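Number of protein chains: 2
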Amino acid sequence: MSEDNYSLSGRVFHKIREDILAGKYKTDETLKEKTIGDELGVSRTPVREALRQLELEGLVTIIPNKGASVVGISKQDIKDIYEIRARLEGLCAKWSADHITAEQITELEENIFLVDFHAEKKNYTQVLELDNKFHEILYEACNSKMLKHELSAFHHYVERVRKITLSMPDRVEKSNEEHRLIVDALKKHDALEAERLATSHMLNTISNMDKFGWDNLLEN
Amino acid sequence: MSEDNYSLSGRVFHKIREDILAGKYKTDETLKEKTIGDELGVSRTPVREALRQLELEGLVTIIPNKGASVVGISKQDIKDIYEIRARLEGLCAKWSADHITAEQITELEENIFLVDFHAEKKNYTQVLELDNKFHEILYEACNSKMLKHELSAFHHYVERVRKITLSMPDRVEKSNEEHRLIVDALKKHDALEAERLATSHMLNTISNMDKFGWDNLLEN
DNA sequence: TTTTGGATAATTGTATACAATAATGCAAGT
DNA sequence: ACTTGCATTATTGTATACAATTATCCAAAA
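Here the protein sequences come in this chain order: A and B. Whatever position you read off the first sequence (first residue = 1), add 459 for the numbering used here. Whatever position you read off the second sequence (first residue = 1), add 459 for the numbering used here.
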């Protein structure tokens, strides 16, 4: 499912996922097909399809003949995801160093410039979007369909976490500085350095969360 | 979707995935809902659900109003997957070193013993099943829902590759020896050594494929 | 021969009907 | 008051109907 898929069933899928990640449904809350369908003005069919896709993403558990319920995401789960991403973003940067094009480097540099611009204005919605874009350029640059697929999924999964971290004191500036160092390494095609920096970039996000608190994110 | 989910829609999902991975459908071949449904003796509904799940797994592409087609897996894709797995299996072994229970270690040791037994008899079906089991015990032992989820998905994805590598000359024996070393490290709770060994275990699989040829696996 | 238009068929998208299963509530018995 | 059993309701599972979209084919024109 590409992100710019605006079919009805695609919209339902994204909407329910968004609602889950936004905390609209509590952990273990059952998701009734008819209820959600009525809410979104569609029949059960697209809702069912969406719920089954969400199960595959791990956001929902389905027990046959009983229905779907929301899988909770704990603080430990998020830490684990960032540890996983640390390794995979590292791999991505390593491969990107060998495959990145001049155009992509230009895009990354423009991205860094724009983040500076919007961070100053505390326009965090824009910053989040640019952060998305930065990483997606890298996912493309690594030249691996499989790695891109995995990282994109994770990236989406933790969007809510990223929204919060990026609004924490100084984090946008630090993050953008880390981005700049990664791009410098990529320009020099220094694969190992790029990998090291990208890995740190992820681990720093967790350090930042540890420092400034998880309180506004989770109940558990 | 747990593996022991025997609901009809679950069965359809697993069946289509199996057929794709077994090469029943060629790359870019379109998968028609009605055709598959008739073949499996079900209506389009469960087939549609399955196809949408398979899209999320990356095995299928769906273009709205046009339908689903099989995504090809190239040699490079497989190499990439093993590079990704190398890092994640390494992480898994690292975490397992701290969390593994005595029972799990016993299970792993029994597994190694049984692989020796069945390898001698060239009973490769059994060996593949035991290899599945070995890794799944580790996925459980690492104590991370997220990592387990990811690794299980990949593991399934390359089942066909593993089936082939395990039937190559001496590979079962070498693989089992690598398993033994990993378990030894886990028994000593030596996280770094376990990580190093698990990573190598994956990379060795690729070396093995490079040495003995990809010819009987792929067309591209 | 090649191309184009449009009718026809095939296929997907969604809603709904019905069947199977699970949850709920309530009355009867202890 | 507290179970237990059964009828009722709610919910999911699957099939089917119909609408919307796309693919195919063939005749007519260039």
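Glycine included, C-beta positions come from ideal geometry on N, C-alpha and C. Only a predicted model underlies this, so the values are computations on that prediction, with no experimental measurement involved.
Determine whether the Cβ of residue i lies closer than 8 Å to any Cβ atom of chain B.
i	result
A/LEU515	yes
A/GLN585	no
A/HIS594	no
A/ASN464	Confidence in A/ASN464 is poor, its pLDDT being 42 and thus under 50, which makes the residue's placement unreliable; the coordinate value appears in the next sentence. Interface residue, yes.
A/ASP539	yes
A/SER555	no
A/ASN679	In this predicted model, A/ASN679 has a pLDDT of only 49, less than 50, meaning its place in the structure is not dependable enough to derive any value.
Relative to the alpha-carbon of residue i, which residue among the options has its alpha-carbon at the smallest distance?
i	options	result
B/GLN563	B/LYS646, B/ILE623 and B/ASP487	B/LYS646
B/HIS473	B/ASP536, B/THR489, B/ILE495 and B/THR486	B/ILE495
B/MET627	B/PHE613, B/GLU595, B/SER659 and B/PHE671	B/PHE671
B/GLU683	B/SER555, B/PHE593, B/ASN635 and B/THR624	In the structure as shown, chain B starts at 460 and stops at 679, and residue 683 of chain B therefore has no counterpart that could be examined.
A/LYS592	A/ASP643, A/ALA545, A/ASN570 and A/ILE475	A/ASN570
A/ASN667	A/LEU625, A/PHE572 and A/ILE641	A/LEU625
A/ARG544	A/HIS577, A/ARG511, A/TYR484 and A/TYR598	A/TYR598
B/ILE521	A/SER468, A/LEU567, A/LYS581 and A/ARG546	A/SER468
B/TYR616	B/THR584, B/VAL530, B/SER502 and B/ARG655	B/VAL530
A/ALA657	A/ARG630, A/SER555, A/GLY526 and A/ASN602	A/SER555
A/ALA653	A/ARG470, A/LYS534 and A/HIS558	A/HIS558
B/SER659	B/ALA481, B/GLU568, B/LEU640 and B/TRP673	B/LEU640
B/LEU606	A/ASP539, A/GLU588, A/VAL620 and A/VAL506	A/ASP539
B/ILE537	B/VAL471, B/GLU508 and B/GLU618	B/GLU618
B/VAL471	B/ILE623, B/LEU499, B/ILE532 and B/TYR541	B/LEU499
B/ALA509	B/LYS525, B/ASN524, B/ASP497 and B/GLU492	B/GLU492
B/CYS601	B/LEU547, B/GLU488, B/ARG503 and B/ASP669	B/LEU547
A/VAL574	A/GLN535, A/ARG630 and A/LEU610	A/ARG630
A/LEU589	A/LEU610, A/HIS638, A/ALA561 and A/ALA612	A/HIS638
B/GLU632	B/LEU651, B/LYS604, B/THR664 and B/LYS483	B/THR664
A/LEU610	A/VAL642, A/ARG476 and A/CYS551	A/CYS551
Taking C-beta pairs closer than 8 Å, name the residues in chain A that residue i reaches, listed in chain order.
i	result
B/LEU550	GLU542, ILE543 and ARG546
Please decide whether residue i counts as near chain A, where near means a Cβ-Cβ distance under 8 Å.
i	result
B/GLN563	no
B/LEU589	no
B/ASP669	no
B/ARG507	yes
B/GLU609	yes
B/ARG681	With chain B covering only 460 through 679, there is no way to say anything about residue 681 of chain B.
For residue i, return the contacting residues in chain A, with the cut-off set at a CB-CB distance below 7 Å.
i	result
B/ASP536	LYS604 and MET605
Please state whether DSSP places residue i in a helix, a strand or coil.
i	result
B/THR486	coil
A/MET460	For A/MET460, the pLDDT reaches just 36, beneath the cut-off of 50, and the residue's location in the model is therefore unreliable, leaving the point undetermined.
B/SER666	helix
A/SER634	helix
B/ASN679	Because the pLDDT at B/ASN679 is just 49, under 50, the model does not fix this residue reliably, and the point stays unresolved.
A/ASP674	coil
B/SER659	helix
B/HIS594	helix
B/LYS468	Looking at the sequence provided, one finds Ser at residue 468 of chain B rather than Lys. Three-state result, B/SER468: helix.
A/VAL586	helix
A/ALA481	coil
B/LYS493	helix
B/ASP649	coil
A/VAL501	coil
A/LYS580	coil
Verify the contact flag: residue i, CB atom, against every heavy atom of the ligand SAH, threshold strictly below 7 Å.
i	result
A/ILE623	In the structure on display, the ligand SAH does not appear, and there are no ligands present to speak of.
Handout entry: Any alpha helix (DSSP H) of 4 or more consecutive residues that is wholly inside the segment 511-575 of chain B
Key = 534-558
Practice task
At 4 residues or longer, and completely inside the segment 603-628 of chain B: list those alpha helix (DSSP H) runs for me, N to C.
Solution key: 604-616 and 618-624
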